[in-house]
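Just so you know, we're using my numbering here: the sequence shown kicks off at 919 and counts up by one.
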Amino acid sequence: MPQPTISIYQPHRVSPKGNLYKIPMMHTSADGTKTHNFEVWATKEAVQQHFQNTLTTGEPKSYELKKFARQMYEKHLRSNNGQLQHKGMLVTTDNVTHGDPRLWPSALSHPEVKI
919 MPQPTISIYQ PHRVSPKGNL YKIPMMHTSA DGTKTHNFEV WATKEAVQQH FQNTLTTGEP
979 KSYELKKFAR QMYEKHLRSN NGQLQHKGML VTTDNVTHGD PRLWPSALSH PEVKI
């Protein structure tokens, strides 16, 4: 069975002084008929913890954020038998929240998130 295509777009910081990054992605089925937009939102601390504090600088680089997003997305797909039930995930050091990222900028209340 052919694998789907996962395109990861340029990550960016949600706010200039915050620690939250938004990494947009697009999942295309193997036959090219279905696409699904997905977003991984992650705190700087969650990315650092994931890579066991081996990042080259204090701020994650674009390629590190993309690698992180791909790994988290693939883990999500494996745990859900390839089914996409949500439009995004918010990753912090202590949990992963699934839901609709359009609602998050104004509704995030996790103490680790700084906007």
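Note that beta-carbon positions come from the ideal geometry of N, C-alpha and C, so glycine has one too.
Being a predicted model, the structure only gives us computed values, none of them experimental.
Check                                                                                                                                   : Outcome
Could you round the C-beta distance between K962 and N937 to whole angstroms and report it? I think they count as a contact, below 8 Å. : 4 Å
Less than 8 Å between the CB atoms is what I'm expecting for P934 and E957, so what's the real figure, rounded?                         : Not a contact, Cβ separation roughly 19 Å.
Tell me which same chain residues have a C-beta within less than 8 Å of the C-beta of V932, skipping the five on either side of it?     : L938, Y939, K940, W959, P1023 and I1033
Please name the residue, chosen from R996, V1031, H1004 and T1011, that lies closest to P1019 on a Cα-to-Cα basis.                      : H1004
Please name the residue, chosen from F969, P922 and G976, that lies closest to T1011 on a Cα-to-Cα basis.                               : F969
In terms of alpha-carbon separation, which member of A987, L1021, V1009 and H1016 lies closest to P1029?                                : V1009
From G1017 to H994, what distance separates their C-alpha atoms?                                                                        : 13 Å
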